[in-house]
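Visitor:
Numbering (the working numbering), first residue to last: 1 to 298.
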């Protein structure tokens, strides 16, 4: 039986809220009133039943991704495609890209129904973007996803290649193998950003450190796709050198993903320190990062 999600405009009258089980979307589109209305109707239509589609293939979605897949759903296959570049080197499941893939699918339905100036679909912080000519989008960076406040903001312009933004870390909705407070990734799609944020977040780590408390994922959530793998539950006091070492471990991973064309930039945060890696990509040159790479101590 098809699920009936919650569908409503927020109090500002501009943004649409779609919620079904763990999927919680905030959507905003700009353009002609008729186009926005058509886009919102398309978003609601595509969203209805989407969770059921994913649940139908949940066993494989929770399994280790391989080179090939028998997944049939368009969103499920997008999830697999986003994590496939990492499957040979580490354990990862398609669930690592679920939030970004859902956001991407709903945005696609909106753009298929109407011509919009600008639109975004925000799935718990994982964002799929559409930017028409001359448009831009600003996103605030929080030092921790579980707290209020914005440390700084990033601007994405229409001529930038970025159309997906995602954040991962030990304070987020999902478990992390690493110790990052937050890793925010900019990529060409939301599904790519989601998968990459997971990988980089796992890489910000100090393996075996006595101040880091880890627990088997399936003790905390019996049906976790991570099984008995140890996930971070708490991080005690770390020295400045240890913080720098953990961030550099993640930064090394981020630079590799940048060189492979899998991300356009990343912001890594741990214990008040921040490391920024990115690219302006003005000439669409991918030979090296062009934006300042720096560490900021709060």
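Backbone N, C-alpha and C fix where the C-beta goes; we use that ideal spot for every residue, glycine too. Nothing here was measured: the structure is a model prediction, and the numbers come from that model.
Classify residue 234 as helix, strand or coil using the three-state DSSP reduction.
Guide: For this step, residue 234 is matched to residue 234 along the chain shown. Correct three-state label for residue 234: strand.
Visitor: Tell me which residues share the same chain as residue 116 and place their Cβ nearer than 8 Å to its Cβ, disregarding the 5 neighbours each side in the sequence.
Guide: For this step, residue 116 is matched to residue 116 along the chain shown. Around residue 116: 29, 30, 31, 35, 36, 39, 110, 130 and 132.
Visitor: DSSP has residue 66 in a bridge; who is on the other side?
Guide: Looking up residue 66 in the chain shown gives position 66. Bridge partners of residue 66: none, in fact.
Visitor: Within the same chain, show all residues whose beta-carbon is closer than 7 Å to that of residue 206, passing over the 5 residues directly before and after it, in chain order.
Guide: One-based indexing of the chain shown puts residue 206 at position 206. Only 179, 212, 242, 245 and 246 meet the Cβ criterion.
Visitor: In whole angstroms, what separates the C-alpha of residue 81 from that of residue 14?
Guide: What you label residue 81 is simply residue 81 of the chain shown in a count that begins at 1. What you label residue 14 is simply residue 14 of the chain shown in a count that begins at 1. So the alpha carbons of these two residues sit roughly 33 Å apart.
Visitor: Closer than 7 Å by C-beta to residue 270: which residues in its own chain qualify, once you throw out the five before and the five after it? Chain order, please.
Guide: Here residue 270 refers to the residue found at position 270 of the chain shown. So the list reads 179, 180, 181, 204, 243, 246 and 247, once near-sequence residues are dropped.
Visitor: Would the segment 90-102 and the segment 195-202 be scored as touching if the rule is three or more Cβ pairs under 8 Å?
Guide: Judged by Cβ distances under 8 Å, the segment 90-102 makes contact with the segment 195-202, as three or more pairs qualify.
Visitor: Specify whether the segment 166-174 and the segment 53-65 touch according to this definition: at least 3 beta carbon pairs, one from each stretch, less than 8 Å apart.
Guide: no
Visitor: Indicate whether residue 103 and residue 190 have their beta-carbon atoms separated by less than 8 Å.
Guide: The residue labelled residue 103 in the question sits at position 103 within the chain shown. The residue labelled residue 190 in the question sits at position 190 within the chain shown. A contact, by the Cβ cut-off of 8 Å.
Visitor: So, helix, strand or coil for residue 73, using DSSP?
Guide: Walking along the chain shown from the start, residue 73 turns up at place 73. In this structure, residue 73 counts as coil in the three-state DSSP scheme.
Visitor: Are the beta-carbon atoms belonging to residue 51 and residue 20 less than 8 Å from one another?
Guide: Position 51 of the chain shown, counted from the first residue, corresponds to residue 51. Position 20 of the chain shown, counted from the first residue, corresponds to residue 20. Contact flag set, yes.
Visitor: Answer with buried or exposed for residue 5, where buried requires no fewer than 16 other C-beta atoms within 10 angstroms of its C-beta.
Guide: The residue given as residue 5 occupies position 5 in the chain shown. By the 10 Å Cβ count, residue 5 comes out buried.
Visitor: Helix, strand or coil, according to DSSP, for residue 201 in the structure here?
Guide: Stepping through the chain shown from its first residue, residue 201 is reached at position 201. Correct three-state label for residue 201: helix.
Visitor: Mind checking which residues open and close the beta strand (DSSP E) that includes residue 162?
Guide: Position 162 of the chain shown, counting from 1, holds the residue named residue 162. Unbroken run through residue 162: none, as it is neither H nor E.
Visitor: Return the first residue and the last residue of the beta strand (DSSP E) that residue 59 is part of.
Guide: Along the chain shown, read from residue 1 onward, the residue named residue 59 stands at position 59. For residue 59, there is no enclosing beta strand (DSSP E); the enclosing alpha helix (DSSP H) has its first and last residue at 58-61.
Visitor: Alpha carbon to alpha carbon, what distance is there between residue 163 and residue 91?
Guide: Counted from its first residue, the chain shown places residue 91 at position 91. Counted from its first residue, the chain shown places residue 163 at position 163. Looking at the two C-alpha atoms, the distance is approximately 26 Å.
Visitor: The alpha helix (DSSP H) with residue 114 in it runs from where to where?
Guide: The residue you call residue 114 lines up with position 114 of the chain shown. No alpha helix (DSSP H) contains residue 114, which DSSP labels as neither H nor E.
Visitor: Any idea what DSSP makes of residue 105, helix, strand or coil?
Guide: Stepping through the chain shown from its first residue, residue 105 is reached at position 105. DSSP places residue 105 within a helical segment (H, G or I) once states are collapsed to three.
Visitor: On a Cα-Cα basis, can you pick out the residue from 22, 43 and 86 that is closest to residue 263?
Guide: If you number the chain shown from 1, residue 263 lands on position 263. Answer by Cα proximity: 86.
Visitor: Could you check whether residue 183 and residue 128 sit closer than 8 Å to each other, using their CB atoms as the reference points?
Guide: What you label residue 128 is simply residue 128 of the chain shown in a count that begins at 1. What you label residue 183 is simply residue 183 of the chain shown in a count that begins at 1. No.
Visitor: Going by C-alpha distance, which of 71, 214 and 121 is nearest residue 17?
Guide: Counting from one through the chain shown, the residue named residue 17 turns up at place 17. Comparing Cα positions, the closest option is 121.
Visitor: Suppose you measure from the CA of residue 72 to the CA of residue 79; what does that come to, to the nearest Å?
Guide: Within the chain shown, the letter at position 72 stands for residue 72. Within the chain shown, the letter at position 79 stands for residue 79. Whole-angstrom Cα-Cα distance: 11 Å.
Visitor: Would you say residue 41 faces chain B, with C-beta separation under 8 Å as the test?
Guide: Absent from the structure is chain B; it holds one protein chain and no more.
Visitor: State yes or no: is the C-beta of residue 168 within less than 8 Å of the C-beta of residue 201?
Guide: Locating residue 168 in the chain shown gives position 168, where the first residue counts as 1. Locating residue 201 in the chain shown gives position 201, where the first residue counts as 1. Taking 8 Å as the Cβ cut-off, residue 168 and residue 201 qualify as a contacting pair.
Visitor: Mark residue 68 as exposed unless 16 or more other C-beta atoms lie within 10 angstroms of its C-beta, in which case mark it buried.
Guide: By one-based count along the chain shown, residue 68 stands at place 68. Exposed, since its Cβ has fewer than 16 Cβ neighbours within 10 Å.
Visitor: Taking residue 113 as the reference, which of 255, 45 and 49 has the closest Cα?
Guide: Counting from one through the chain shown, the residue named residue 113 turns up at place 113. Nearest option by C-alpha distance: 45.
Visitor: Where do the N-terminal and C-terminal ends of the beta strand (DSSP E) with residue 221 fall, by residue?
Guide: Taking the first residue of the chain shown as position 1, residue 221 is located at position 221. Taken as a continuous stretch (DSSP letters only), residue 221 belongs to no beta strand (DSSP E), as it is neither H nor E.
Visitor: Can you give the Cα-Cα distance for residue 186 and residue 251, rounded to whole angstroms?
Guide: Along the chain shown, one-based indexing puts residue 186 at 186. Along the chain shown, one-based indexing puts residue 251 at 251. Roughly 14 Å between the two C-alpha positions.
Visitor: Under three-state DSSP, which class holds residue 187?
Guide: The count along the chain shown starts at 1 and reaches residue 187 at position 187. Here residue 187 sits in strand by DSSP.
Visitor: Over the uninterrupted alpha helix (DSSP H) stretch that includes residue 135, give me the two end residues.
Guide: Indexing the chain shown from 1 puts residue 135 at position 135. Here residue 135 belongs to no alpha helix (DSSP H), and DSSP marks it neither H nor E.
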